[in-house]
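Comments concern the structure below.
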Amino acid sequence: MSETQEHFQNLESRVDKSIAAIDRAALELKGRKRFLQFQDRSQALFYGFGVSGPYSIAGIVLSVLFYVLIRHGQQYVERQRILEQYPDAPAFRQIMQHGKIIKYDGVLYLQLVPLPKKGEVQIGKHYLYDSQAKRVLVPLGGQ
2 MSETQEHFQN LESRVDKSIA AIDRAALELK GRKRFLQFQD RSQALFYGFG
52 VSGPYSIAGI VLSVLFYVLI RHGQQYVERQ RILEQYPDAP AFRQIMQHGK
102 IIKYDGVLYL QLVPLPKKGE VQIGKHYLYD SQAKRVLVPL GGQ
């Protein structure tokens with residue numbers, strides 16, 4: 002019993018020391034407080050903007066950056082899916098960039114002109130007609 006009583010007295014002294022340390026810290030914090038008095042509501046409002054404004058701006062900027070990253074990430078995933086699904090997609094890139102689409106009788110067509118006798122072949126603008134096989138060849142680039 003005496004040993005148990007000794008442990009309780011030791012515990013009680015530790016708790017008393019902790020309470021005293023907390024009281025000292027609370028008194029120090031009370032001494033550090035500065036009370037602000039504002040002349041009107043607009044002055045208080047501008048003070049509040051000055052205190053919370055940088056954090057709000059940082060939050061807005063981070064939100065916009067997060068949105069942009071997510072949006073571009075989704076576009077990247079979509080492009081990767083298309084490239085995996087259609088392995089020839091990079092070869093059609095110049096046709097997409099330089100090709101001219103026209104609407105004829107309610108249908109969309111890629112408008113091409115015959116390959117010139119002289120001059121440079123323009124991908125997305127010229128074609129070659131193979132009369133023996135009865136087919137149209139559209140240049141996609143050389144290798």
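When we follow my numbering, the leftmost residue of the sequence shown carries the number 2, and every step to the right adds one. Even for Gly, the Cβ is constructed at its ideal location relative to N, Cα and C.
- For the pair Ser57 and Ile71, the Cα-to-Cα distance works out to about 21 Å.
- Annotation note: the segment 67-109 contains the following uninterrupted beta strand (DSSP E) runs of length 3 or greater, listed N- to C-terminal: 101-105.
- Only residues of its own chain outside the window of five on either side were considered, and among them Tyr128 have a CB closer than 6 Å to the CB of Val139, listed in chain order.
- The C-alpha of Gly60 lies about 10 Å from the C-alpha of Leu66.
- Taking the Cβ atoms as the reference, Val122 lies roughly 6 Å from Leu116, within the contact range of under 8 Å.
- Residue pairing for Leu129: DSSP places it in a beta bridge opposite Leu138.
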